[in-house]
Amino acid sequence: MKQIELSVQVRMQRGKNVAKKLLREGKIPAVVYGKEGESLPLTVDLRQLQKILNTPAGANAIFDLVFGADSVQDKITAMISDLQYDSLSRELLHVDFKEIELDEPVEAEVLLNLTGEAKGVKLGGIIQQQLRSLRVECLPKNLPQQIDVDLTDLEIGDSLKVGQLTTDGSFKILNDPEEIIVIIIPPTLEVKEEEAAPSADEEGGENKENKAEE
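Numbers given in the numbering used here equal positions in the sequence shown, counted from 1, plus 10.
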């Protein structure tokens, strides 16, 4: 995965009032954590960050955090470790980065992409997805944007486990091999309307009984 440049500024002030002021300016507070646990408060452009988050790489993008000319630092290579959103508006409020080295493995959560039409689905079966992402470990350059899961050969009643996936060897899956990704379940049995509704003779009988009682 290629690195994406994101302009950042060192943030000297902190607090809720500062965060609100930044939001009015189209920016949000951020922090980058170094390899030794040290932290550096930052300010990032909200629109630029959201544009990157909307790419296929999404929250797993590899960032080159580029500092301004007045900074003692040139850039830091990092990944997102946490995104904080407003619980009501879902507006992005804060982002945490963690510094990485391009020649050292990283861990990330990668979304699954179901492909192919299962044989069981063609016969009326229903896909029940248990996992939507997998935890992987690899070098940053090998981090996949998504993991394709082929369902073509699955019959009704079949399941696909993590350990059954085949990869190109560029990344390691950290999930339990016995975890189930998908199951093809039988179609739901529905009571037919004509079976559930009373017949005309039954209705007639009920009416006769009611009239007799009257």
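Ideal Cβ placement from N, Cα and C applies to all residues, glycine included.
What you are looking at is a predicted structure, and each value in this text was computed from that prediction instead of being measured.
Closest Cα partner of residue i within the set the options
i, options, result
"L56", "S99, L103, R145 and F181", "L103"
"G47", "I14, F107, F73 and V28", "F107"
"D158", "L184, L175, Q13 and L93", "L175"
"L133", "S143, P154 and L164", "L164"
"T233", "V131, P187 and V105", "In the structure as shown, the chain begins at 11 and stops at 224. Residue 233 is therefore absent and cannot be evaluated."
"T138", "P196, P187 and S180", "A small correction: the amino acid at residue 138 is Gln; Thr does not occupy that position in the sequence shown. Looking at the Cα atoms, P196 is the closest of the given residues."
"K151", "A67, V28 and L98", "A67"
"Q155", "T65, Y95, Q140 and M22", "T65"
"E114", "S97, T177 and K45", "K45"
"Q94", "A29, D178 and K182", "A29"
"C148", "S180, Q140, D168 and N27", "S180"
"Q19", "K182, S91 and K37", "K37"
Cβ-based burial, residue i [other Cβ within 10 Å; buried from 16]
i, result
"N70", "buried"
"M89", "buried"
"P39", "buried"
"G167", "exposed"
Supposed contact pair residue j and residue i - C-beta distance, whole angstroms, cut 8 Å
i, j, result
"E101", "Y43", "Actually they are not in contact, since the Cβ atoms of E101 and Y43 sit about 23 Å apart, beyond 8 Å."
"R142", "L122", "6 Å"
"T53", "L32", "6 Å"
Own chain partners of residue i with C-beta closer than 6 Å, once the 5 adjacent residues on each side are dropped
i, result
"L50", "V42"
"T125", "D158 and D160"
"P187", "V172 and G173"
"K202", "At K202, the pLDDT of 46 sits below 50, so the modelled position is not reliable; the number obtained from the coordinates is stated separately. Cβ within range, chain order: n/a, list empty."
"I136", "I195"
Own chain, CB closer than 7 Å to residue i, minus 5 neighbours either side, in chain order
i, result
"R145", "E117, E119, L184 and N185"
"I86", "V42, L75 and E109"
"D84", "F77"
"A222", "Below a pLDDT of 50, predicted positions are generally treated as unreliable, and A222, at 46, falls in that range; the measurement from the model is reported next regardless. There are no such residues."
"E35", "none"
"R24", "P51"
"D96", "L103"
Proximity below 8 Å, CB of residue i to CB of residue j
i, j, result
"L112", "L75", "no"
"V172", "I191", "yes"
"Q13", "F73", "yes"
"V105", "L153", "no"
"T162", "E189", "no"
Below-8 Å beta-carbon distance, residue i vs any chain B residue
i, result
"L103", "Included in the structure is just one protein chain, with no chain B present."
Heavy atom of the ligand SAH within 7 Å of residue i beta-carbon
i, result
"P197", "With respect to the ligand SAH, the structure offers nothing, as it holds no ligand at all."
Neighbourhood of residue i by C-beta distance below 8 Å, restricted to the same chain and skipping five residues each side
i, result
"Q140", "E189, I190, I191, V192 and I193"
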